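Chemist:
Residue numbers (the numbering used here), protein chains in the order written: chain L, 1 to 128; chain P, 1001 to 1169.
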């Protein structure tokens, strides 16, 4: 079954809008993480020495990020797999094959986890 | 005792993590994850979290407006439309010293209506209008205040990014 259904309709174009937004918004999260552009409350953090900052990030990655990914990655994968096995399509005559856009979520989270692991390796050197 | 201890510990961990300067979004997510595990809540909550992310954020076509606003602001800046309309407003107000101040305000309103991002319009006005104001012998305090005030109009005049996000809730 082609993703667009039998014809291009207004609803499939509307769906395409947010599908593109999801791709633009979710896939680069890992790169944004590595560029350190996430929101921080930094009125204390900005004054610290680089070594202290590296320690905050190292402990934060281990305490906050790792449990979150351990719990959410399998669920996000199940979510996509359910859409795949039930061959879920748009409810309002838009794009078919919703599993494609749902697969972006576990993919983006996995890329984020990868960049967190990369950052962890870098931080271990810096935090010493 | 133990009923009060867990929520207090959650709040303490969240607040501590945020104040320590770790990425705020991940502090919230991580504290939720840790205390879901510790307090033995059903892990189905995370199943629910994924469907909430999908239904409320990803498949929300209202948010499509945000990259469009950013694009609009960039076009106004890089194509020099903003600069030329500033000059045009200045000339149409007679080119006098008070006309420059008024034209900065007018362009602030124009930028606010079209781009709707505070950062973009403040930066743009600082780069374009501040040198002109200082050339026209406005004092530093007045010109900085004028630029800041007309730049932050962006969130108040309706098609603005903050109102899109607030209107979504």
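By construction, the Cβ of each residue, glycine as well, lies at the ideal position given by its N, Cα and C atoms. Owing to the predicted nature of the structure, the values given are computational and were not obtained by experimental measurement.
Please confirm whether residue 56(L) has its beta-carbon closer than 8 Å to some beta-carbon of chain P.
Modeler: By 1-based counting over the first chain, the position of residue 56(L) is 56. True, the Cβ-Cβ gap to chain P drops below 8 Å.
Chemist: Is there at least one Cβ from chain P nearer than 8 Å to residue 42(L)'s Cβ?
Modeler: In the first chain, counting from the first residue as 1, residue 42(L) sits at position 42. Answer yes: the Cβ-Cβ gap between residue 42(L) and chain P drops below 8 Å somewhere.
Chemist: With a Cβ-Cβ cutoff of 8 Å, do residue 1161(P) and residue 1071(P) count as a contact?
Modeler: In the second chain, the residue the question calls residue 1161(P) occupies position 161. In the second chain, the residue the question calls residue 1071(P) occupies position 71. No, Cβ-Cβ distance for residue 1161(P) and residue 1071(P) is not below 8 Å.
Chemist: In chain order, what residues of the same chain lie with their CB nearer than 8 Å to the CB of residue 79(L), ignoring the 5 residues before and after it?
Modeler: The residue given as residue 79(L) occupies position 79 in the first chain. Around residue 79(L): 102, 105, 106.
Chemist: Give a yes or no on whether the C-beta atoms belonging to residue 1128(P) and residue 1082(P) are separated by under 8 Å.
Modeler: If you number the second chain from 1, residue 1128(P) lands on position 128. If you number the second chain from 1, residue 1082(P) lands on position 82. Yes, the Cβ-Cβ distance between residue 1128(P) and residue 1082(P) is below 8 Å.
Chemist: Return the first residue and the last residue of the alpha helix (DSSP H) that residue 81(L) is part of.
Modeler: Taking the first chain and counting its residues from 1, the one referred to as residue 81(L) is at position 81. 66 to 85 is the span of the alpha helix (DSSP H), which, as asked, contains residue 81(L).
Chemist: Taking the C-alpha atoms as reference points, what is the distance between residue 53(L) and residue 59(L)?
Modeler: Taking the first chain and counting its residues from 1, one reaches residue 53(L) at position 53. Taking the first chain and counting its residues from 1, one reaches residue 59(L) at position 59. Going from the Cα of residue 53(L) to the Cα of residue 59(L) covers about 10 Å.
Chemist: Would you mind working out which of 50(L), 85(L), 65(L), 89(L) sits nearest residue 116(L), comparing C-alpha positions?
Modeler: By 1-based counting over the first chain, the position of residue 116(L) is 116. That would be 65(L), whose Cα lies nearest to the Cα of residue 116(L).
Chemist: Within 8 Å (strictly less), CB to CB, does residue 94(L) reach chain P?
Modeler: Start at 1 with the first residue of the first chain, and residue 94(L) comes out as number 94. No, because no Cβ of chain P sits closer than 8 Å to the Cβ of residue 94(L).
Chemist: Which of helix, strand or coil does DSSP assign to residue 43(L)?
Modeler: On the first chain, residue 43(L) is found 43 positions in, with the first residue counted as 1. Looking at residue 43(L) - three-state DSSP - the assignment turns out to be coil, as it is neither helix nor strand.
Chemist: Could you tell me if residue 40(L) is buried or exposed, where buried requires 16 or more neighbouring beta carbons within 10 angstroms of its beta carbon?
Modeler: Mapped onto the first chain, residue 40(L) falls at position 40. Under this definition residue 40(L) is a buried residue.
Chemist: Straight-line CA distance for residue 1164(P) to residue 21(L)?
Modeler: Here the question's residue 1164(P) lines up with position 164 in the second chain. Here the question's residue 21(L) lines up with position 21 in the first chain. Spanning the two alpha carbons is a distance of roughly 15 Å.
Chemist: Select from 1119(P), 1148(P), 1010(P) the residue whose C-alpha is nearest the C-alpha of residue 1133(P).
Modeler: Within the second chain, residue 1133(P) is the residue found at index 133, counting from 1. Nearest option by C-alpha distance: 1148(P).
Chemist: Would residue 1056(P) count as contacting chain L if we go by Cβ distances under 8 Å?
Modeler: Mapped onto the second chain, residue 1056(P) falls at position 56. No, residue 1056(P) lies away from the interface with chain L (no Cβ there is under 8 Å from its Cβ).
Chemist: By how many angstroms is the C-alpha of residue 32(L) removed from the C-alpha of residue 47(L)?
Modeler: Working through the first chain from its first residue, we reach residue 47(L) at position 47. Working through the first chain from its first residue, we reach residue 32(L) at position 32. For residue 47(L) and residue 32(L), the distance between alpha carbons rounds to 22 Å.
Chemist: Entirely within the stretch 1064 to 1148 of chain P and at least 4 residues each: give me those alpha helix (DSSP H) ranges in chain order.
Modeler: Listed in chain order, they are 1065 to 1078, 1081 to 1092, 1097 to 1114, 1118 to 1135.
Chemist: Would you kindly report the start and end of the unbroken alpha helix (DSSP H) that includes residue 1041(P)?
Modeler: Counting from 1 along the second chain, the entry for residue 1041(P) is found at position 41. Residue 1041(P) -> no alpha helix (DSSP H), and no H or E assigned at all.
Chemist: Provide the residue span of the alpha helix (DSSP H) that contains residue 33(L), from first to last.
Modeler: Start at 1 with the first residue of the first chain, and residue 33(L) comes out as number 33. Element bounds for residue 33(L): 29 to 34.
Chemist: In three-state terms, what does DSSP make of residue 93(L)?
Modeler: Position 93 of the first chain holds residue 93(L). Coil.
Chemist: So for residue 1008(P), helix, strand or coil by DSSP?
Modeler: On the second chain, residue 1008(P) is found 8 positions in, with the first residue counted as 1. Residue state, collapsed to three classes: helix.
Chemist: For residue 30(L), which residues in chain P fall below 9 Å Cβ to Cβ?
Modeler: Position 30 of the first chain, counted from the first residue, corresponds to residue 30(L). In chain order: nothing, as chain P lies at least about 13 Å away.
Chemist: Helix, strand or coil for residue 88(L), going by three-state DSSP, please let me know.
Modeler: In the first chain, counting from the first residue as 1, residue 88(L) sits at position 88. The answer is coil: DSSP assigns residue 88(L) none of H, G, I, E or B.
Chemist: Comparing the C-beta of residue 1123(P) with each C-beta of chain L, is any distance below 8 Å?
Modeler: Stepping through the second chain from its first residue, residue 1123(P) is reached at position 123. Answer no: the Cβ-Cβ gap between residue 1123(P) and chain L never drops below 8 Å.
Chemist: Does residue 8(L) come out as helix, strand or coil in the three-state DSSP assignment?
Modeler: Along the first chain, one-based indexing puts residue 8(L) at 8. If DSSP states are grouped into helix, strand and coil, residue 8(L) belongs with coil.
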